[in-house]
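Here is the structure we will look at.
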Amino acid sequence: MPTTRVLLARHGETEWNRLGRWQGHADPPLNELGRRQAAVLAEQLAGDGVAAIYSSDLRRASETARIVADRLGLDVTERPELREMDVGSWSGLTIDEVRARFPEAYDRWRAGELGHDGETREELGLRVVPAVEAIAAAHAGRDVLLVTHGGVIRALRRHAAGDPGESLENGATLALALVEGKLVVHDAER
Numbered sequence: 011m012p013t014t015r016v017l018l019a020r021h022g023e024t025e026w027n028r029l030g031r032w033q034g035h036a037d038p039p040l041n042e043l044g045r046r047q048a049a050v051l052a053e054q055l056a057g058d059g060v061a062a063i064y065s066s067d068l069r070r071a072s073e074t075a076r077i078v079a080d081r082l083g084l085d086v087t088e089r090p091e092l093r094e095m096d097v098g099s100w101s102g103l104t105i106d107e108v109r110a111r112f113p114e115a116y117d118r119w120r121a122g123e124l125g126h127d128g129e130t131r132e133e134l135g136l137r138v139v140p141a142v143e144a145i146a147a148a149h150a151g152r153d154v155l156l157v158t159h160g161g162v163i164r165a166l167r168r169h170a171a172g173d174p175g176e177s178l179e180n181g182a183t184l185a186l187a188l189v190e191g192k193l194v195v196h197d198a199e200r
């Protein structure tokens with residue numbers, strides 16, 4: 011069975027990213043820096059053999075994906091399963107605001123438990139992992155780009171490597187591979 015490379019890209023910056031606000035399912039657009047980050051990503055991927063582009067249906071991801079797709083001459087398929095974790099009533103708040111309004115919930119969240127009234131990490135994983143595996147399987151032996159969100163990328167890395175790793179900067183990428191039906195961290199050139 012051929013190896014499929016899954017390139018995960020975090021969307022470009024939004025004003026809420028700049029201000030340190032939790033976004034979750036909120037839908038702010040890219041800011042000017044975010045559009046530049048998307049253009050840099052597009053240049054980095056030009057000639058890299060990306061066969062298909064998928065994105066979250068949230069504007070910050072789909073706008074990033076469209077900037078890349080325009081440069082690569084590809085279409086974008088939006089998938090709601092690739093959305094960021096739903097952070098419930100924490101959406102739009104900074105960490106300081108969350109700490110002030112929900113101190114016990116924030117402490118639970120820091121300990122790895124559900125702190126907000128949105129999705130759990132497990133629910134996020136159950137939503138995104140099967141979707142990414144299906145996308146990768148549909149493009150066997152090829153490279154596919156998924157433009158998504160920091161929480162989604164950490165959930166996928168947790169699934170593939172057992173460790174969520176550090177949060178990616180806006181516009182940065184992480185490569186996974188679907189090998190014999192299993193997502194793994196991609197660390198070798200094909």
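Be aware that the sequence shown starts at 11, since it is given in the working numbering, and climbs by one per residue.
Positions of the beta carbon are idealized from the N, C-alpha and C atoms, including for glycine.
Since this is a predicted model, take the numbers as computed values, not measurements.
Would residue i be called buried (16 or more neighbouring beta carbons within 10 Å of its own) or exposed?
{"i": "residue 160", "result": "buried"}
{"i": "residue 177", "result": "exposed"}
{"i": "residue 83", "result": "exposed"}
{"i": "residue 120", "result": "exposed"}
{"i": "residue 53", "result": "exposed"}
{"i": "residue 111", "result": "exposed"}
{"i": "residue 29", "result": "exposed"}
{"i": "residue 233", "result": "No information on residue 233 is available, as it lies outside the stretch 11 to 200 that the chain covers here."}
{"i": "residue 106", "result": "exposed"}
{"i": "residue 17", "result": "buried"}
{"i": "residue 44", "result": "buried"}
According to DSSP, simplified to helix, strand and coil, what is residue i?
{"i": "residue 68", "result": "coil"}
{"i": "residue 74", "result": "helix"}
{"i": "residue 86", "result": "strand"}
{"i": "residue 58", "result": "coil"}
{"i": "residue 178", "result": "coil"}
{"i": "residue 195", "result": "strand"}
{"i": "residue 157", "result": "strand"}
{"i": "residue 139", "result": "helix"}
{"i": "residue 152", "result": "coil"}
{"i": "residue 51", "result": "helix"}
{"i": "residue 124", "result": "coil"}
Near residue i, what residues of its chain come up, given a Cβ to Cβ distance below 8 angstroms and the 5 sequence neighbours on each side ignored?
{"i": "residue 87", "result": "62, 63, 64, 65"}
{"i": "residue 198", "result": "With a pLDDT of 47 at residue 198, under the threshold of 50, the modelled position of that residue is not reliable, and no figure is offered here."}
{"i": "residue 117", "result": "125"}
{"i": "residue 46", "result": "22"}
Comparing alpha-carbon positions, which option in the options lies nearest residue i?
{"i": "residue 93", "options": "16, 76, 157", "result": "157"}
{"i": "residue 191", "options": "179, 155, 172, 144", "result": "144"}
{"i": "residue 20", "options": "184, 32, 34", "result": "184"}
{"i": "residue 137", "options": "166, 124, 115", "result": "166"}
{"i": "residue 81", "options": "57, 101, 104", "result": "57"}
{"i": "residue 174", "options": "150, 151, 132", "result": "132"}
{"i": "residue 85", "options": "37, 162, 60", "result": "60"}
{"i": "residue 189", "options": "163, 168, 162, 151", "result": "151"}
{"i": "residue 51", "options": "71, 115, 32", "result": "71"}
Just to confirm the assignment, what range does the alpha helix (DSSP H) spanning residue i have?
{"i": "residue 111", "result": "105-111"}
{"i": "residue 166", "result": "160-171"}
{"i": "residue 187", "result": "Counting along the chain, residue 187 falls outside any alpha helix (DSSP H), though it belongs to the beta strand (DSSP E) covering 183-189."}
{"i": "residue 29", "result": "25-29"}
Can you name, in chain order, every residue of its own chain whose Cβ lies under 6 angstroms from the Cβ of residue i, other than the five neighbours on each side?
{"i": "residue 73", "result": "40"}
{"i": "residue 170", "result": "186, 193, 194, 195"}
{"i": "residue 96", "result": "34, 35, 128, 129"}
{"i": "residue 90", "result": "67"}
Flag residue i as yes if its beta-carbon sits less than 9 angstroms from any beta-carbon of chain B, otherwise no.
{"i": "residue 190", "result": "Absent from the structure: chain B. Only one protein chain is present."}
Which same chain residues, not among the five before or five after residue i, have their C-beta less than 7 angstroms away from its C-beta?
{"i": "residue 27", "result": "180"}
{"i": "residue 141", "result": "89, 91, 92"}
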